[in-house]
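Residue numbers (the numbering used here), protein chains in the order written: chain S, 51 to 354; chain F, 912 to 1252; chain L, 12 to 540.
No residue lacks a Cβ here, since even glycine has one placed at the ideal position from N, Cα and C.
Owing to the predicted nature of the structure, the values given are computational and were not obtained by experimental measurement.
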């Protein structure tokens, strides 16, 4: 994310020397990680998410077949030793496509979050800190976009932009930023008159420095919780677009599109649609569990 | 301080919010319609039309006018209830939507009823057994709901309950044999079959709606249960609850008679919002179940590049979404004494 | 009136449903056809241009001349009991059948024929080009189509045409004869009854339209005044878009005929008790074309290599088993004059050799395709086989209108499409695939040649026009055979398949006739036994 525009001046109340500050951060991170690991459900979530990322990275090593290699002779064969999860209507190996399918999914999730979170975050921070007319206008826009039906709008947008992976990312990101803006604004509002902010202002720090140097770091944890929880939703929306043929395009193996391809054969060759669905469920569940766990650990304000 | 004086500013700002949001929605749908890489004229005159036929149709559609004129016409049209003409069915989109919308309302309403019927008690119970296994189970059920693609669950449901077990009716609202025998009066199949005095048709319609409604009901349940749980936990931590407990009120009494009424206001808001979300969620479920509602209308429009249909449908879903949003804000302002902003 | 009719129909159905309370069986006297009917735009014969619309219109209206669906080269009397061609071939006198009546009870008069043809020209809807080929305009049509006797109509064409071409064009659905009085009674704002006829009917064929609800149902009921009385009083088209659902319906007996099963569903129902599967060759031909406006694609060597980079047999025998036949010329088998040569098959090494010799490498092509079956399957298959030959294919999927929009504007690089003849005459396809004399952007043509920016050799275009006016039928067909062979080897496209319709029927359904186009599907002799 954007680096502090001016050298970070730490709040007077907690201003350790830079070296020990890094150490303190590492210690804090370690402690948090320990707490995440201590909670069984967030541990499961963490394991799933890490596995998912590793599968995406090492897909070529894990796959048993070339994911796009067609072989009409074995099309729609049930799971067997040769094809662990069977084959689809082109005779492609479902297991290998499933493994490779982790890649577009991971790509979509990361790109949507990287596009929408910083945008909404900065917009909300600026609005919250600046107040007045600027705040009113920015939050008005946020509210308008927030009130749009996200999936339906994404459908209409992809229809305009032409189906494809990148356009699916854009269509999802366009409606994904407002929650970050609201979150950041709320935090900025709360912190705008906090003692250490007043102190920094007293020391002559500019608005930009205060927003990015002082307030932003304190909002990071709630944003990262939000982002983790969002990822499951992004995966589902992307899969929905893929299912309707508006997401990643052939021959790219994408889980939602794989379900759509298995749809016509679902009564005869259920494995084609079942396998990618399970993958989506497991990975989304992983993000949800992890997000929940993160919230418990990082966000003491959150109840229950 | 009169309550009106307190509520009026909220009311005004909400009204302003409503209008500006609607304007934003209209602008977005208009812009999408104009930058569409589909020639709307081809959609009207077909593939093999001559150049003259083409030009005449283009003029008739008003596409030779400048953009702002077209936008003005668009807004004026929407205000009159004119959403354009479907390039596929050649009928007014508004008429099409009026025809298909009851199917969606019926499905979503049954879904929300299921969601509330299960979600609220489960949420309350989870708060009651906080951090014990029922709480964990309910939390997991909710998380599972947030993690499962609804179209996939629908597909598997059809496979298992329709194809394998034969317990339910298949896709569509009612079996073919019944489809043309029930006169459409209200547009709600369950009501129409009863009005027609056809218990057999009613049973058949029920066997068709039960799976899709249960599925979207499950998603609503996941959301409602989670929110109910949160509200209850907050409420139960309050002093009056402790007082009631000390006074020896039974736990059920404390939960349902003391705490629960106090979470009704936010709960209704949540239910209204999840109703809006359900309307949107029916887009995918309707596609899987060939349910002839607004969602299927929109996706069919996408596949046939029928942009007036897609945008009309988007606009209607958006309108309801926005109105539900704002209505819940207003009711919140009226009902909740703590509202200040 | 229609409301009363539908109530009556509903009562009949209700009775049927009451007799068979739980068994999922279609009521007697009602034929239930499950089909995707979302393509219907209008049921006005002067406007209907889509598959389902054409099928429905053909049950309702008669034409002067009609095809024998079983034997496509045989034109037989329809509303006209006979006709005489003038010596110069420019006019034909039709004698109307005695006693022919519309569903309304009105007699069929020469005035109705004149009205119907004039109506097509004045309405100027998409299919009107078929009649406009005769040089008919709103101004002259009343001179070109005239009543010349109590029971006679004379039509005149401006220009030289083979008489068989004229008759073939009149046999198209746009040549349907409409009840002028009924149409004009319901006309509004000078639309010659177009709005009303879009949803109602005024014809003389075996059925009349009772109801059309878009994306839901079309209900036809027998026309008591028809010459060929319908054996089944009611035909219900139920809109079911999912092939998997159609399959379950035919298995359960919820439908008598299902029309859109894919090869996998057909395989699943074949041999099941109570179900019969029939296969009917269709007139539509599929092809993959390259737009030679792009310099990288304007290479005859590439076109030749492309023909070896397609897995014709693999697709036809597995992916599309039973629903596509390998076919490599532009005029479909089963029609007079078709050439059945199929010299090309998948041969990656040969294709590589041709490409190498021509110095073509690192080529990538964006290919537009309609995002539904069979185009998506063809796309994914050629993406794989082109890739093996070193040509990278990016697929650009879109809705039909989306793809056509780009194709019309010649913006595509490649396209996976199909072509169905607009009328049963080889000229319909020859003009599309073997004729282009003006390749400029301004002179828009709906032909495959123009849309791929390709000019066939001038001699080829000339031969297409010569065949159009050739009056010796045998010689005419020979000319079309020569054209097909020329184009087979020299054109920027590869013809791939000829479609075959596969229909699953309950085994008690007899007498269903499915010709080579949707116009040639006939329900009037269907009986449930």
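Can you list, in chain order, the residues of its chain whose CB lies under 6 Å from that of residue i, leaving out five sequence neighbours each side?
i, result
"residue 1140/F", "1034, 1037, 1038"
"residue 289/L", "514"
"residue 1089/F", "1112, 1115"
"residue 145/L", "168"
"residue 186/L", "74"
Among the residues of its own chain, which have a CB less than 7 Å from the CB of residue i, if the five just before and after it don't count?
i, result
"residue 1116/F", "1084, 1085, 1100, 1101, 1104"
"residue 386/L", "380, 427"
"residue 1238/F", "1183"
"residue 1143/F", "1034, 1035, 1038, 1170, 1174"
"residue 533/L", "80, 524"
Have a look at residue i and residue j and give me their C-alpha separation to the nearest angstrom.
i, j, result
"residue 1008/F", "residue 229/L", "19 Å"
"residue 357/S", "residue 1025/F", "Past the boundaries of the shown model lies residue 357/S; chain S is included only from 51 to 354, so the question cannot be answered."
"residue 112/L", "residue 303/L", "53 Å"
"residue 230/S", "residue 239/S", "14 Å"
"residue 355/S", "residue 298/S", "There is simply no residue 355/S to check, as chain S begins at 51 and stops at 354 in what is shown."
"residue 1055/F", "residue 334/S", "9 Å"
"residue 546/L", "residue 124/L", "There is simply no residue 546/L to check, as chain L begins at 12 and stops at 540 in what is shown."
"residue 889/F", "residue 40/L", "The question about residue 889/F has no answer, for chain F in this structure spans 912 to 1252."
"residue 346/S", "residue 330/L", "52 Å"
"residue 341/S", "residue 974/F", "49 Å"
"residue 322/S", "residue 95/S", "26 Å"
"residue 500/L", "residue 316/L", "11 Å"
"residue 295/L", "residue 968/F", "28 Å"
"residue 321/L", "residue 129/S", "29 Å"
"residue 227/S", "residue 197/S", "12 Å"
"residue 334/L", "residue 217/S", "34 Å"
"residue 921/F", "residue 987/F", "29 Å"
"residue 1176/F", "residue 1240/F", "10 Å"
Would you mind reading off the limits of the beta strand (DSSP E) that contains residue i?
i, result
"residue 3/L", "Past the boundaries of the shown model lies residue 3/L; chain L is included only from 12 to 540, so the question cannot be answered."
"residue 115/S", "Element bounds for residue 115/S: n/a, residue is neither H nor E."
"residue 408/L", "403–409"
"residue 517/L", "504–517"
"residue 221/L", "218–224"
"residue 78/L", "76–79"
Could you check whether residue j and residue i sit closer than 9 Å to each other, using their CB atoms as the reference points?
i, j, result
"residue 1126/F", "residue 1015/F", "no"
"residue 172/L", "residue 480/L", "yes"
"residue 76/L", "residue 89/L", "yes"
"residue 219/L", "residue 198/L", "no"
"residue 212/S", "residue 407/L", "yes"
"residue 336/S", "residue 98/S", "yes"
"residue 310/S", "residue 283/S", "no"
"residue 393/L", "residue 297/L", "no"
"residue 1236/F", "residue 1206/F", "no"
"residue 1219/F", "residue 1011/F", "no"
"residue 217/L", "residue 391/L", "no"
"residue 34/S", "residue 343/S", "In this structure chain S extends from 51 to 354, so residue 34/S is not present and cannot be described."
Could you give the residue range of the alpha helix (DSSP H) that holds residue i?
i, result
"residue 1027/F", "1004–1039"
"residue 472/L", "469–480"
"residue 438/L", "437–444"
"residue 229/S", "228–242"
Might you give, ordered along the chain, the residues of its own chain that have their beta carbon closer than 8 Å to the beta carbon of residue i, omitting 5 neighbours on each side?
i, result
"residue 260/L", "45, 251, 266, 269"
Going along the region 982–1003 of chain F in order, which residues come within less than 9 Å of chain L, judged by CB to CB distance? Going along the region 982–1003 of chain F in chain order, one finds 997, 998, 999, 1000, 1001, 1002 with a Cβ nearer than 9 Å to chain L.
Mind listing which residues of the region 185–216 of chain S have their C-beta closer than 9 Å to chain F's C-betas, in chain order? Contacts with chain F (Cβ-Cβ distance below 9 Å) from the region 185–216 of chain S involve 190, 191, 193, 194, 195, 196, 197, 198, 199, 200, 201, 202, 203, 205, 206, 207, 208, 209, 210, 211, 212, listed in chain order.
Closer than 7 Å between beta carbons: that is the criterion. Which residues of the region 268–280 of chain L meet it against chain S? The region 268–280 of chain L vs chain S, Cβ under 7 Å: 273, 275, 279.
Please identify, using Cβ separations under 7 Å, the residues of the region 303–335 of chain L that lie next to chain S, in order along the chain. Under the 7 Å Cβ criterion, the region 303–335 of chain L contributes 325, 329, 330.
Given a limit of 7 Å on CB to CB distance, which residues of the region 1211–1240 of chain F reach chain S? Those would be 1213, 1221, 1222, 1225, 1228, 1229, 1232, 1233, 1236, in chain order.
Relative to chain S, which residues along the region 380–402 of chain L have a C-beta separation below 9 Å, given in chain order? Those would be 382, 383, 384, 387, 388, 390, 391, 392, 394, 395, 396, 398, in chain order.
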